[in-house]
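S.K.: Pasting a structure below so you can have a look.
Number of protein chains: 4
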Amino acid sequence: MDTAILLISCRDQKGITAAVTNFIYQYQGNIEHADQHIDSQSNVFFMRIEWSLKGFALAKPKIIAKFAPLAKKFKMDYSLYFSAETSRMAIFVSEVTHCLYDLLLKFKEKQLFCQIPLIISNHSQAKKIAEDFNIKFFFSQKNPQNKLSAEKKEIAILRKEKIDFIALARYGQIFTRQFVKAYHTRIINIHHSFLPAFAGSNPYRQAYSRGVKIIGATSHYVTEKLDAGPIIEQDIVRVSHRDCLEDLRFKGQDLERTVFSRAVRWHLEHKILVYGNKTVVFD
Amino acid sequence: MDTAILLISCRDQKGITAAVTNFIYQYQGNIEHADQHIDSQSNVFFMRIEWSLKGFALAKPKIIAKFAPLAKKFKMDYSLYFSAETSRMAIFVSEVTHCLYDLLLKFKEKQLFCQIPLIISNHSQAKKIAEDFNIKFFFSQKNPQNKLSAEKKEIAILRKEKIDFIALARYGQIFTRQFVKAYHTRIINIHHSFLPAFAGSNPYRQAYSRGVKIIGATSHYVTEKLDAGPIIEQDIVRVSHRDCLEDLRFKGQDLERTVFSRAVRWHLEHKILVYGNKTVVFD
Amino acid sequence: MDTAILLISCRDQKGITAAVTNFIYQYQGNIEHADQHIDSQSNVFFMRIEWSLKGFALAKPKIIAKFAPLAKKFKMDYSLYFSAETSRMAIFVSEVTHCLYDLLLKFKEKQLFCQIPLIISNHSQAKKIAEDFNIKFFFSQKNPQNKLSAEKKEIAILRKEKIDFIALARYGQIFTRQFVKAYHTRIINIHHSFLPAFAGSNPYRQAYSRGVKIIGATSHYVTEKLDAGPIIEQDIVRVSHRDCLEDLRFKGQDLERTVFSRAVRWHLEHKILVYGNKTVVFD
Amino acid sequence: MDTAILLISCRDQKGITAAVTNFIYQYQGNIEHADQHIDSQSNVFFMRIEWSLKGFALAKPKIIAKFAPLAKKFKMDYSLYFSAETSRMAIFVSEVTHCLYDLLLKFKEKQLFCQIPLIISNHSQAKKIAEDFNIKFFFSQKNPQNKLSAEKKEIAILRKEKIDFIALARYGQIFTRQFVKAYHTRIINIHHSFLPAFAGSNPYRQAYSRGVKIIGATSHYVTEKLDAGPIIEQDIVRVSHRDCLEDLRFKGQDLERTVFSRAVRWHLEHKILVYGNKTVVFD
Numbered sequence: 176m177d178t179a180i181l182l183i184s185c186r187d188q189k190g191i192t193a194a195v196t197n198f199i200y201q202y203q204g205n206i207e208h209a210d211q212h213i214d215s216q217s218n219v220f221f222m223r224i225e226w227s228l229k230g231f232a233l234a235k236p237k238i239i240a241k242f243a244p245l246a247k248k249f250k251m252d253y254s255l256y257f258s259a260e261t262s263r264m265a266i267f268v269s270e271v272t273h274c275l276y277d278l279l280l281k282f283k284e285k286q287l288f289c290q291i292p293l294i295i296s297n298h299s300q301a302k303k304i305a306e307d308f309n310i311k312f313f314f315s316q317k318n319p320q321n322k323l324s325a326e327k328k329e330i331a332i333l334r335k336e337k338i339d340f341i342a343l344a345r346y347g348q349i350f351t352r353q354f355v356k357a358y359h360t361r362i363i364n365i366h367h368s369f370l371p372a373f374a375g376s377n378p379y380r381q382a383y384s385r386g387v388k389i390i391g392a393t394s395h396y397v398t399e400k401l402d403a404g405p406i407i408e409q410d411i412v413r414v415s416h417r418d419c420l421e422d423l424r425f426k427g428q429d430l431e432r433t434v435f436s437r438a439v440r441w442h443l444e445h446k447i448l449v450y451g452n453k454t455v456v457f458d
Numbered sequence: 176m177d178t179a180i181l182l183i184s185c186r187d188q189k190g191i192t193a194a195v196t197n198f199i200y201q202y203q204g205n206i207e208h209a210d211q212h213i214d215s216q217s218n219v220f221f222m223r224i225e226w227s228l229k230g231f232a233l234a235k236p237k238i239i240a241k242f243a244p245l246a247k248k249f250k251m252d253y254s255l256y257f258s259a260e261t262s263r264m265a266i267f268v269s270e271v272t273h274c275l276y277d278l279l280l281k282f283k284e285k286q287l288f289c290q291i292p293l294i295i296s297n298h299s300q301a302k303k304i305a306e307d308f309n310i311k312f313f314f315s316q317k318n319p320q321n322k323l324s325a326e327k328k329e330i331a332i333l334r335k336e337k338i339d340f341i342a343l344a345r346y347g348q349i350f351t352r353q354f355v356k357a358y359h360t361r362i363i364n365i366h367h368s369f370l371p372a373f374a375g376s377n378p379y380r381q382a383y384s385r386g387v388k389i390i391g392a393t394s395h396y397v398t399e400k401l402d403a404g405p406i407i408e409q410d411i412v413r414v415s416h417r418d419c420l421e422d423l424r425f426k427g428q429d430l431e432r433t434v435f436s437r438a439v440r441w442h443l444e445h446k447i448l449v450y451g452n453k454t455v456v457f458d
Numbered sequence: 176m177d178t179a180i181l182l183i184s185c186r187d188q189k190g191i192t193a194a195v196t197n198f199i200y201q202y203q204g205n206i207e208h209a210d211q212h213i214d215s216q217s218n219v220f221f222m223r224i225e226w227s228l229k230g231f232a233l234a235k236p237k238i239i240a241k242f243a244p245l246a247k248k249f250k251m252d253y254s255l256y257f258s259a260e261t262s263r264m265a266i267f268v269s270e271v272t273h274c275l276y277d278l279l280l281k282f283k284e285k286q287l288f289c290q291i292p293l294i295i296s297n298h299s300q301a302k303k304i305a306e307d308f309n310i311k312f313f314f315s316q317k318n319p320q321n322k323l324s325a326e327k328k329e330i331a332i333l334r335k336e337k338i339d340f341i342a343l344a345r346y347g348q349i350f351t352r353q354f355v356k357a358y359h360t361r362i363i364n365i366h367h368s369f370l371p372a373f374a375g376s377n378p379y380r381q382a383y384s385r386g387v388k389i390i391g392a393t394s395h396y397v398t399e400k401l402d403a404g405p406i407i408e409q410d411i412v413r414v415s416h417r418d419c420l421e422d423l424r425f426k427g428q429d430l431e432r433t434v435f436s437r438a439v440r441w442h443l444e445h446k447i448l449v450y451g452n453k454t455v456v457f458d
Numbered sequence: 176m177d178t179a180i181l182l183i184s185c186r187d188q189k190g191i192t193a194a195v196t197n198f199i200y201q202y203q204g205n206i207e208h209a210d211q212h213i214d215s216q217s218n219v220f221f222m223r224i225e226w227s228l229k230g231f232a233l234a235k236p237k238i239i240a241k242f243a244p245l246a247k248k249f250k251m252d253y254s255l256y257f258s259a260e261t262s263r264m265a266i267f268v269s270e271v272t273h274c275l276y277d278l279l280l281k282f283k284e285k286q287l288f289c290q291i292p293l294i295i296s297n298h299s300q301a302k303k304i305a306e307d308f309n310i311k312f313f314f315s316q317k318n319p320q321n322k323l324s325a326e327k328k329e330i331a332i333l334r335k336e337k338i339d340f341i342a343l344a345r346y347g348q349i350f351t352r353q354f355v356k357a358y359h360t361r362i363i364n365i366h367h368s369f370l371p372a373f374a375g376s377n378p379y380r381q382a383y384s385r386g387v388k389i390i391g392a393t394s395h396y397v398t399e400k401l402d403a404g405p406i407i408e409q410d411i412v413r414v415s416h417r418d419c420l421e422d423l424r425f426k427g428q429d430l431e432r433t434v435f436s437r438a439v440r441w442h443l444e445h446k447i448l449v450y451g452n453k454t455v456v457f458d
């Protein structure tokens, strides 16, 4: 079933919802989901609205043009998506592969609505996995010296493969500011702690040293500031004094996969709106 | 701040959301929250919409009359509430008083938007608590023989106190069919298990005997069938072989309070729609 | 590092712990872990004790003989395991393969201390997976008519492969009483509900129909009574009215993997004692 | 039932458990619970052992003297408690009283094994509550200027009331180094975040600003460094973009009570051993 999805944000005022729903009704669209939220602190209006294209009187390519005057009137930021036009996702990964495996298996079971044409890694472990799943593998060795040139090659292949979205499935390298800008709110990372606690490297070791009784995982959009981007999803699992560092890693793996795949799925289903350093996740 | 809240359900068709939001916009209402849901199995449309009455061009008593034609057109079931007009809640309780205490403390801290004019009990433990909180206490002893006459007296005092809503804060008695009908979807119970497991009496003992590794609590609307009404909220806590029956009770208490007060709060804020034997809980 | 593990249960009386720890100390063993539990209802003593074999003055094959008099004195049920002697696990699976994949990946990452020489299935989906992981695949079609003869063949290959332990990774067939007896407390199942709720077939559909707000997964030893054996581990995830049946399946998958792999891991590490229809899980 | 409880820590070596259990058996003690843990990083042995005093051949006052040689041999740090000799707990509280209420109600329901002779506050809200529960109330106004003299008076009354243990039930003041030293590992605080995230003031505001998807509460022993002492217990609850700051406070309250009362209970039952900046919590 093909649907259209509008993600909207603008300064709150009277009549926005009426105007948007009228627009859809006017062309005989049937609204499948509609959810709105007003951030009362900043007085910003957020909306996600999805309607069936079956019987919709406007052809897909004409929707934007017809919607534009309304958007202009309310000074909207908005994006239009079609559920039938799936995103093209690239996965970056380093040595640890459980998150990569998880995305690939969920993709295979048709639980992630996307295409996965490309895996990029600075290690060789993922090569065999990419082959097993018939996905192009691009090896991109990186060090502080070659980072800029390595990223240039990465961007070239990302463009060639028409990648819309990047999932960092436990990727150990930090991107340059330019790279992050090029894929603004289109890179999702999984960090193995409940951010903002234990940002940076070795979060399980940090958690073990601090003696916490719960460990967490956080999936967030990547911004220029390390592990400080808008949080999409978090979850936790209990640990005790009996758990050694290795146990934390073991317990954390299941958590990382679950949190990461939820965030990726929501992004692919256009359920996330970023504002400031926060996210609205329409469920 | 005074707002109007509409809870709507009807067969899904095109234009419902547009019609409702237009209605509000036409009288200069500003929508604060709007959420809808379509149950795709039964093709039923659900909506909760809340708008500010500040500057709304219709006086409160006239809203229903003006909305009626629209409701008729779409064959809506609907209810209209005003946030400034708080419900009048009665609490029934037996010997165990932690859930009663919790509602009263949360009420005192202005976290429950209601009035609490009445506590009814078949035990005397709650009398002192009612006095401490300046609430009328009605002692209603019950046994299989006097149940009908006892309920008659209870209904009389409930009517006298203009009670809209009944919270069963660990109340050990089962109501008759007539009583339940009189307060259809207006009685919320807390059951100390993750229903449908361990319905009926002594759920902690049942859980202990079965050797479960998690125990739960469930808050639901009361229907004629014991512990089988529409579920509003559930939560759980982990237990282990080290926990004896008494430990289950101790751990469960915190759970019961949390689950129960959430359900009561959502009801008081008109966030729940019942359909069939399920609930839509708009958050 | 090689350790010895004793799992003990017997009627409680004075001096058991002293006798066992003295036995170990007498031969210069260093206790790594010791945990005991007394079920006060039944007055039964449970113990798990693990000691390093480095410098232990008794050779492995002689430990049982030397321990026997002590065990006899206290009328102990006991089992002795060596951490270096890993179990041989067979996995049974039907069409749904995420739990199978999860065990295999965790095995590959050295998080499950066992050997996996055999996968048995009544469907063909797992064949390719078995090949990818270099594991023998045995196809065993089953129907009510051929069940006994099919199980005979299964038992023959289980014996040939010296299987100690069977993991049912979403296996849709019910074993006969004889089969279950032959592998008493050596078959672990994953059931996709929080048992005892929603036993039997289609638990997600049952949960969806009941309108629960949490769904669960339960890992338990298989007994003659369907889904009623001793529970090892359970966990849950929240759902809402927005989740359709398919969403429940998606959310439940991560849960099933996590709960199942925990139970399997604990069994392989000899951390579980079964008594009556319950488990003691030493952590 | 009266029991003796030994909490032991020392450098790990062979024979500790055997020696301790022999000591108890030699005087005909029946061990009710025994749990040990070895921190493999630091090679430190921890033990909690509890035995019935019914039929124990040593009188209570003589146990220490008889145990001393064994303790010396293994260079143990140890403490001996008797379950029948309950601790005397003082509660410090500021304006927010839900954690205070919770301890008092649980005390009243005999779920906290202690005496509560004293409540100290820098605000007047708790005065009426103290009276309702028949507990002495001491008002102690504090500001940076009078802190030392105020604490002097507090310590005087704590000593007069023979207080063993202090529970900070949302107490907004920071103690001096001297005060903390005087009650080393005998002050438990509840902090309303998942430490180490959001230490310091206004943790809910910090969490709201960061846009986290879970909020937490942490109970820990108070040390000189603010919100940095050994963590005893933590738990979390999910939040979403729909939750405003006030909602975080509401959701957090139930969490704070639960986490705090668990930590206090475990302390009162002598289940916690502190080492370095961590805790072993025997369950």
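Note that the protein sequences, when read in sequence, are chains A, B, C and D.
Residue numbers for the first sequence follow this note's numbering, so the first one is 176 and each next one is one higher.
Residue numbers for the second sequence follow this note's numbering, so the first one is 176 and each next one is one higher.
Residue numbers for the third sequence follow this note's numbering, so the first one is 176 and each next one is one higher.
Residue numbers for the fourth sequence follow this note's numbering, so the first one is 176 and each next one is one higher.
Backbone N, C-alpha and C define an ideal beta-carbon position, used for all residues, glycine too.
Treat the numbers as computed from the prediction; the structure is a model and nothing was measured.
1) Looking only at its own chain, which residues have a Cβ that is under 6 angstroms from the Cβ of Glu270 (chain A), when we skip the five neighbours before and after it?
2) State buried or exposed for Asn205 (chain C), treating a residue as buried only when at least 16 other CB atoms are found within 10 Å of its CB.
3) Using a Cβ-Cβ distance under 8 angstroms, would Asp307 (chain A) count as near chain C?
4) If you follow the beta strand (DSSP E) that Gln409 (chain B) is part of, which residue opens it and which one closes it?
5) Could you say which of B:Tyr396, B:Phe369, B:Ser376 and B:Ile341 lies nearest to Lys388 (chain B) if we only look at CA atoms?
6) Could you check where the alpha helix (DSSP H) with Tyr200 (chain B) kicks off and where it finishes?
7) What whole-angstrom Cβ distance do Ile363 (chain C) and Ser315 (chain C) have, given they're in contact under 8 angstroms?
8) Suppose you measure from the CA of His208 (chain A) to the CA of His366 (chain C); what does that come to, to the nearest Å?
9) Note down, in chain order, all residues in the stretch 219-253 of chain D with a beta-carbon under 7 angstroms from any beta-carbon belonging to chain C.
10) Between Val455 (chain B) and Ile447 (chain C), what straight-line distance do the alpha-carbon atoms span, to the nearest angstrom?
11) Starting from Thr433 (chain C), find everything on chain A with Cβ-Cβ shorter than 7 angstroms and list it in chain order.
12) Smallest Cα separation from Phe457 (chain D): which of B:Thr192, B:Ala325, B:Ala403 and B:Ser415?
13) Could you tell me which chain A residues have their CB closer than 8 angstroms to the CB of Arg417 (chain C), listed as they occur along the chain?
14) Count the C-beta pairs between the stretch 259-268 of chain D and the stretch 288-298 of chain D that are closer than 8 angstroms, then say yes if the count reaches three, no if not.
15) Under 8 angstroms, with one C-beta from each stretch per pair, do the stretch 234-253 of chain B and the stretch 211-230 of chain A reach the 3-pair mark?
16) Any idea what DSSP makes of His208 (chain A), helix, strand or coil?
17) Check His436 (chain A) in the structure and name its three-state DSSP category.
18) Locate the beta strand (DSSP E) running through Val449 (chain B), then write down its first and last residues.
19) Count the other CB atoms within 10 Å of the CB of Glu421 (chain C); is the residue buried (16 or more) or exposed (fewer)?
20) Return helix, strand or coil for Arg380 (chain D), following the three-state DSSP convention.
21) Would the beta-carbon of Ile330 (chain B) fall within 8 angstroms of that of Ala357 (chain B)?
22) Counting beta carbon pairs with one atom in the stretch 390-406 of chain C and one in the stretch 370-379 of chain C, are three or more of them shorter than 8 angstroms?
23) Going by beta carbon distance, what residues of the same chain come within less than 7 angstroms of Gly230 (chain B), once the five residues before and after it are set aside?
24) Which residue wins for smallest C-alpha separation from Lys311 (chain D), given the options D:Pro292, D:Lys317, D:Leu280 and D:Leu279?
25) Report the option in C:Cys185, C:Asn318 and C:Ile180 whose CA atom is closest to the CA atom of Ser217 (chain C).
26) Output the boundary residues of the beta strand (DSSP E) element that contains Tyr358 (chain A).
27) Pull the bridge partners of Leu181 (chain D) from the DSSP assignment, please.
M.R.: The relevant details are as follows:
1) These residues qualify, in order along the chain: His298 and Gln300.
2) With 16 or more other Cβ atoms inside 10 Å of its own Cβ, Asn205 (chain C) counts as buried.
3) Yes, its Cβ sits closer than 8 angstroms to a Cβ of chain C.
4) Segment Ile406 to Arg413, the beta strand (DSSP E) holding Gln409 (chain B).
5) Checked all of B:Tyr396, B:Phe369, B:Ser376 and B:Ile341; the closest Cα to Lys388 (chain B) is B:Phe369.
6) Ile191 to Gln201 is the extent of the alpha helix (DSSP H) around Tyr200 (chain B).
7) That pair is no contact at about 19 angstroms.
8) Near 32 angstroms, if we compare the C-alpha coordinates of His366 (chain C) and His208 (chain A).
9) Those would be none; no residue qualifies.
10) Each residue's alpha carbon lies about 41 angstroms from the other.
11) Near Thr433 (chain C) (Cβ distances below 7 angstroms), the residues of chain A are Asp429.
12) Per the Cα distances, B:Ser415.
13) Those within 8 angstroms of Arg417 (chain C) in chain A are Asp458.
14) Using a Cβ-Cβ distance cut-off of 8 angstroms, the stretch 259-268 of chain D and the stretch 288-298 of chain D are in contact, since at least three pairs of beta carbons, one from each stretch, lie closer than that value.
15) As far as the Cβ criterion goes, the stretch 234-253 of chain B does not touch the stretch 211-230 of chain A, which means the pair count is below three.
16) Looking at His208 (chain A) - three-state DSSP - the assignment turns out to be strand.
17) The sequence shown places Ser at residue 436 (chain A), not His. If DSSP states are grouped into helix, strand and coil, Ser436 (chain A) belongs with the helices.
18) Start and end: Ile447 to Tyr450.
19) Exposed, because fewer than 16 other Cβ atoms sit within 10 Å of the Cβ of Glu421 (chain C).
20) Helix.
21) Closer than 8 angstroms, so yes.
22) Short answer: they touch.
23) Counting only Cβ-Cβ distances below 7 angstroms, and skipping sequence neighbours, we find Gln203.
24) Minimum Cα distance to Lys311 (chain D) is reached at D:Pro292.
25) Among C:Cys185, C:Asn318 and C:Ile180, the Cα nearest to that of Ser217 (chain C) is on C:Cys185.
26) Where Tyr358 (chain A) is concerned, there is no enclosing beta strand (DSSP E), given that its DSSP letter is neither H nor E.
27) Assignment of beta-bridge partners to Leu181 (chain D) by DSSP yields D:Ile224 and D:Leu255.
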